[in-house]
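Residue numbers (the UniProt record's numbering), protein chains in the order written: chain U, 1 to 265; chain Z, 1 to 265; chain Y, 1 to 265; chain R, 1 to 265; chain L, 1 to 265; chain A, 1 to 265.
Glycine included, each C-beta is placed from N, C-alpha and C at the ideal position.
This structure is a prediction, so every number in the text was calculated from the model and none was measured.
Here is the structure we will look at, set down as structure tokens.
Protein chains: 6
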Amino acid sequence: MKRIILTGAAGILGKAMRKALVGWADELVLSDIVPIEEINDGESFVACDLGDFASVLELVRGCDGIIHLGGQSVECSFDNIMNGNLKGTYHIYEAARQLGVKRIFFASSNHVVGFHSREDRLDANSPMRPDSLYGVSKGFGELMAQYYFDKFGIESALVRIGSCFAKPIDRRMLSTWLSESDLADLIKKVYAVNRLGCTVIYGVSNNPNSWWDNRHANFVGWQPKDSSEQFEEDVFKNDPLLANDNPALLYQGGFFATAGHFEDK
Amino acid sequence: MKRIILTGAAGILGKAMRKALVGWADELVLSDIVPIEEINDGESFVACDLGDFASVLELVRGCDGIIHLGGQSVECSFDNIMNGNLKGTYHIYEAARQLGVKRIFFASSNHVVGFHSREDRLDANSPMRPDSLYGVSKGFGELMAQYYFDKFGIESALVRIGSCFAKPIDRRMLSTWLSESDLADLIKKVYAVNRLGCTVIYGVSNNPNSWWDNRHANFVGWQPKDSSEQFEEDVFKNDPLLANDNPALLYQGGFFATAGHFEDK
Amino acid sequence: MKRIILTGAAGILGKAMRKALVGWADELVLSDIVPIEEINDGESFVACDLGDFASVLELVRGCDGIIHLGGQSVECSFDNIMNGNLKGTYHIYEAARQLGVKRIFFASSNHVVGFHSREDRLDANSPMRPDSLYGVSKGFGELMAQYYFDKFGIESALVRIGSCFAKPIDRRMLSTWLSESDLADLIKKVYAVNRLGCTVIYGVSNNPNSWWDNRHANFVGWQPKDSSEQFEEDVFKNDPLLANDNPALLYQGGFFATAGHFEDK
Amino acid sequence: MKRIILTGAAGILGKAMRKALVGWADELVLSDIVPIEEINDGESFVACDLGDFASVLELVRGCDGIIHLGGQSVECSFDNIMNGNLKGTYHIYEAARQLGVKRIFFASSNHVVGFHSREDRLDANSPMRPDSLYGVSKGFGELMAQYYFDKFGIESALVRIGSCFAKPIDRRMLSTWLSESDLADLIKKVYAVNRLGCTVIYGVSNNPNSWWDNRHANFVGWQPKDSSEQFEEDVFKNDPLLANDNPALLYQGGFFATAGHFEDK
Amino acid sequence: MKRIILTGAAGILGKAMRKALVGWADELVLSDIVPIEEINDGESFVACDLGDFASVLELVRGCDGIIHLGGQSVECSFDNIMNGNLKGTYHIYEAARQLGVKRIFFASSNHVVGFHSREDRLDANSPMRPDSLYGVSKGFGELMAQYYFDKFGIESALVRIGSCFAKPIDRRMLSTWLSESDLADLIKKVYAVNRLGCTVIYGVSNNPNSWWDNRHANFVGWQPKDSSEQFEEDVFKNDPLLANDNPALLYQGGFFATAGHFEDK
Amino acid sequence: MKRIILTGAAGILGKAMRKALVGWADELVLSDIVPIEEINDGESFVACDLGDFASVLELVRGCDGIIHLGGQSVECSFDNIMNGNLKGTYHIYEAARQLGVKRIFFASSNHVVGFHSREDRLDANSPMRPDSLYGVSKGFGELMAQYYFDKFGIESALVRIGSCFAKPIDRRMLSTWLSESDLADLIKKVYAVNRLGCTVIYGVSNNPNSWWDNRHANFVGWQPKDSSEQFEEDVFKNDPLLANDNPALLYQGGFFATAGHFEDK
């Protein structure tokens, strides 16, 4: 791995990956719309508004791969979604095409499928059912990636990240938790496999009660090692059971699915 | 878990679960049509003929959940089937509805799918093909449970129990064995999950040559820990191979499928 | 066709089939729990309570086939369901087995799948989701038929009848209508095919907006000729649109699915 | 039908639908970004840039349904796509939500699935594989519609229009042709059905060599009456065969799939 | 269509196609291992043993397409199968590759799937289950065709012919009958479509009780016009019903499936 | 296990199995077209050209099972393929039928499915897409086995062997490697299970990035214990990455799929 870009490097996920990927690439090019002060050996920083194509083109020039965590990562106004996630994702792929970058790790989200029932087992072929404008924008990103693969041969991992935190903190996360270490392993596998294609991968650790089946991505060789099981007791203590007809229990997206429209608030 | 009813408590399965669930519920209300003499701390006993609605209503009153192992558990005459398994299961669900009980563990049976070939891998979507009047009655119970879920929101685990004994004693059981400990774990999981729905679960331990795939019930988080593998050598010694066209080898239900009609005997 | 039994001959469907099948069988043995006064040439009458095995055995003796329309045909109390549809169907199949009758036309019902969404296209492999105790009992009948086929080789047509009337009278029936003439044709086809197996057939005419796909039963060769289309205008006038979130529009079973429990009423 | 909006009314499709729908609605509110001079009885005109939310809100106020043909209808620059198809579609759905409009006819496109092979038979469950930025934007629109249905109950017909012209003019259109009359019928059916849900419908006439299967939308009751067959001879004369490995023959999207990136040109 | 080869031209099918295709090709090159005496305008004759590669190469030189009906067309000894159907089919494809022929109509057979149950509805994705050495050899031919398509781009129609005769003469043929006229239409369609791929097509007329679904080949545009229905009455008279457990009724291949091994006889 | 034949005993696989199966059978009858000099206790040797039926019949007489590794095991001329793999496999099955042998381990190959994409997850139902004449011949063998099972009840394991060597030596083998020890375990399981049927099994160890799913063969109880993971680092060093559009990366068959026709070379 030579020169790899990490967008959204100032965010929670970005910070965790900086730590977890130390020593992996010759140069990890951090990028964000907000400045990052402390730059370590093997890292560099390029400020970039993903909504501005010239900046993105500048950022992507000379890189060998892109880990695209940037843009909005929760529900917000359509204007913000549009700038960071619609224009932003288009800019990343179009810059890759113009500059010959061949492989992108795209941080999609479980909120692309958030309106599926929790009793449904999903795999890469399950239809998208977004639970938010944010989820719609991630679905858009997946379609854009598929288009750039089918027409221009740019490969992507479409990683529908569950809940990537130090540990699961509520009952839903017992199903959706992705450890930072497992995510870092996945990034490495995505860049180690000789042929990636355009492949949906659910970003989830080896939790006993997961809703997602990664069998179609087995060829990538990723085998998550962590499990939410060890945190079960703690979570059970701190997060009380809901009534079994509470709408927040019906859908995989949890409160994203039961929240109203962002712009009403 | 507060007050949980255990029907069929005097049967083999019921006895095993009494032991395995010690300390789990505040009160385990044992029930059977035959008397149970020795009642332990944390247990109580209510005699009940499942075919009599008034008794069932009395039994269910004030409970928080039902583990329904009662009724006929092998092939028998249609009259017995009707009383214990048709009327009995209806009475349990109707009592639950009238009294507001929200979750039922229903001991269904592999004999609901006993006429499938042993070379077929089944999952929760496989069509029912009962191998006996007993199997038909368990299928009826599953339909009744589905109806009470769709219309009244009563959740059920429809557990198609394989062969629940201390250990597997013939070649077929190497595929179908369910350890008592794994069954007890499953009961606990069924009452621990925040949303259960109406979910088919094959009651089988982690045997290497199982016919059944529980992937659709993965969200429940049950991971059986025992395996028939350790008993393989013993079984091979004691249970000779049959000719490969012996009808008893063709169907998952084994001799249930090849036996004639009960009432002829 | 020599001697064919028609159960439920005094009911609406039974009356219509008596007319439509004139001349088809050497003898059409009418049967019902209520008396039928006018018996035509080529018909005979045997009174029979389906809940009484001795009577059923008497009825079935000497016949070459059974058209089983009898039992309860709408939601009612569990006791009535049990007598007519649980015991009754068992008695029909068990009598057929004892007396060597090889083929049964079983009038099942769309209410076996009434809790499926109207936007779902069903076929013979769709799981049962009954919308009523009546629907549960018809599902039981289908399982019983499957059991007698798998074990004893008795063939059945499991005909999930939609709405069999002279013409469709509400918007739902534009999807579910089965003309009497198409039903009679189906009966003839079921007895003309050389091998029937145990086959689910949706009993619906060639309506433009049907929910059901009979492709798996194509080998029977039934091609319904009538269509609800000609009645569309009349129905639209007489049956006003409901609000699009009205629960009665959600499910295929219509008001069966949204009605409460029978015995509460 | 009372007051229905027709966006994109100045376009080719819009003009055809104005003619075909005469007399269907009390008022057909024509809308486009370019002016329309001749307004007939039963029509009115409201100029509207779909990229401007205030205008869209003004347009939608007081209407009973929306036929959304507006926005870009061929490949063009991302900026144009973004304004007309990303912002535009969001604005239509968000205005509908705020103002209580309950049903939208959304003109999606076959270019949402244009990278599927011509030898593949598609139905409503086939994954999206867009062949252009335009196709990506229509996929975005379908996701947005699904989101507004799942969260807010707004129903949509997602009509993947093939080639809607007076007649097919090349060999590909023998598969994809949609007559104007069949499209108008579809619009009427979409507003006549009591429950629509959020339903994918391939907009194609009854052509003998179509690639698309509308079985999942059968409940809508649309039965296209025209066929490309009568034009076959003419087309064969005027459009020569290509070599069988010509890339334009491989994909359903035809030259959309084999064209390079718009902004290069 | 310029110069097209017809192998097996002296056989029953070959003779029928000579008549039905008059005027279709500039030159129809008849070929068979037995001599054909009467050669019409627009025809020529080349004797050829398909088991001899040099002869096949000579035959194929200069042609624009091949209709391959030759080889064994019923069960026979493995030696005959090997010469005509294993070597023969390899020789046809290898000659086509060496000489640049791009499209082959391969007469496969329903006996490739003859061990499927008559109650199963088959389509192009159904697994092969040959009912005879002959059926195995036709399956081999389909695999060979698939190989030459995947590696060398030679397109094939793999036509699983049912029963191609002037009219159906037994009950099984009511399901499997293919009229000569429909077969000729299919040949024309196979050579008219611009892209064929390697496509399984069941060769069956529009019979009401067919077992086969050609939906995946719909893009070819073939719509058979004849039906066995008009012959039903005659067939019913002349071909008596069998007992419903007669093995010949169980399988689609009919007596091919129930016959023993050829070389025993 | 009494007297078991091992064809192809002089080949690489044959040698490895001789070692791995020491002590398993009463007598392991080694067979090959080339002589084997060193014969150990518990072994015997019979020279046999699989293309000669009389020899095969002699070989098979008196045996209890056949492990059929013989014939061509890589791409070669059609004449060689025909003798060893077409005639040879027919001879093995026909001899088994004549002499009453009931179970055959057939060494099929991953090259039967070599033209599937590496991004596709295959299972026993995936259609065959051979990548070579060799692959076509193994597909022929699978069809022959299926035929002898359906008609004569001879059971087979159709083992699609990946890459069976001491260790994986290139990147592709990290997916396809089968350890010799796992293969020997599989042979034992195939002969230990009471009912085998005719079952496709992918012969692959427990590699993290395998393309193949053996769930449908789970009833056999085989659980491979080795994994390519330990060899990953070595392989990565010695086998450089290819460009991601290199054709050899597209297909599961690797260079078999991208090689031209054997007889051209």
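Residue nearest to residue 215 of chain A within the set A/155, A/122, A/243, A/259 is A/122 (criterion: CA-CA distance). Rounded to the nearest whole angstrom, the CA to CA distance from residue 88 of chain Z to residue 97 of chain Z is 14 Å.
The CB of residue 119 of chain Z comes closer than 7 Å to the CB of 197, 199, 219 in chain A, given here in chain order. Exclusion of the five residues before and after residue 46 of chain A leaves 29, 31, 59 as the residues of its chain whose Cβ lies within less than 7 Å of its Cβ. Taking C-beta atoms as the reference points, residue 74 of chain A and residue 147 of chain L fail to come closer than 8 Å. Restricting attention to alpha helix (DSSP H) runs no shorter than 4 residues, the stretch 176-238 of chain A encloses them at 180-192, 232-238, ordered along the chain. Linking residue 114 of chain A to residue 203 of chain U through their CA atoms gives a straight-line distance of about 30 Å. By the CB criterion at 8 Å, residue 200 of chain R and residue 257 of chain R fall outside the cutoff. Closer than 8 Å to the CB of residue 211 of chain Z there is at least one CB belonging to chain A.
At a cut-off of 8 Å between beta-carbon atoms, residue 216 of chain Z makes contact with chain U. Taking 8 Å as the upper bound on Cβ-Cβ separation, chain A lies near residues 153, 155 of the stretch 143-168 of chain U.
Taking CB atoms only, residue 247 of chain L has no neighbour in chain Y less than 8 Å away. Setting aside the 5 residues that flank it on each side, residue 172 of chain U is surrounded in the same chain by 254, each with a C-beta closer than 7 Å to its C-beta; the list follows chain order. Close CB contacts of residue 263 of chain U within its chain, under the 8 Å cut and outside five residues either way in sequence, are with 77, 78 (chain order).
Per the C-alpha coordinates, the member of U/5, U/260, U/242, U/3 positioned closest to residue 133 of chain U is U/260. Put simply, the CB of residue 122 of chain Y is far from chain Z, with every gap to its CB atoms at 8 Å or more. The C-alpha of residue 155 of chain L is placed about 14 Å away from the C-alpha of residue 107 of chain L.
The straight-line gap separating the alpha-carbon atoms of residue 54 of chain U and residue 95 of chain U is approximately 9 Å. Listed as beta-bridge partners of residue 6 of chain A by DSSP are A/30, A/67. Secondary-structure assignment with DSSP links residue 251 of chain A through a beta bridge to A/117. Of the residues Y/100, Y/234, Y/195, the one whose Cα lies closest to the Cα of residue 244 of chain L is Y/195.
Distance from the Cα of residue 34 of chain A is smallest, within the candidate group A/12, A/187, A/25, A/41, for A/12. For residue 175 of chain U, the chain Z residues whose Cβ falls inside 7 Å of its Cβ are 219, in order along the chain. Its Cα nearest to that of residue 57 of chain U, the residue U/91 stands out among U/169, U/91, U/178. Annotation for residue 157 of chain R: 105, 106, 190, 196, 199, 201 place their beta carbon closer than 7 Å to its own, counting only its chain and skipping 5 residues before and after. Under the 8 Å Cβ criterion, the stretch 222-236 of chain Y does not count as touching the stretch 231-241 of chain L, having fewer than three qualifying pairs. Boundaries of the alpha helix (DSSP H) around residue 136 of chain Y: 133-152. At a C-beta separation below 8 Å, residue 241 of chain Y has these neighbours in chain R: 194. The shortest CA-to-CA distance from residue 85 of chain U to any of U/7, U/206, U/177 is the one to U/7. Taking 8 Å as the cut-off, the beta carbon of residue 175 of chain Z is found no closer than this to the beta carbon of residue 126 of chain Z. Ranked by Cα distance from residue 49 of chain Y, the first of Y/70, Y/138, Y/149, Y/188 is Y/70. By alpha-carbon distance to residue 143 of chain Y, the top candidate from Z/131, Z/19, Z/110 is Z/131.
A residue is called buried once 16 or more other Cβ atoms fall within 10 Å of its Cβ, and residue 153 of chain Y, having fewer, is exposed.
Relative to the Cα of residue 247 of chain Z, the nearest Cα in the group Z/118, Z/229, Z/168 belongs to Z/118. Residue 139 of chain L is classed as buried because its beta carbon has at least 16 other beta carbons within 10 Å across all chains shown. The beta carbon of residue 217 of chain U lies closer than 6 Å to those of 199, 201 in the same chain, with the five residues before and after it left out.
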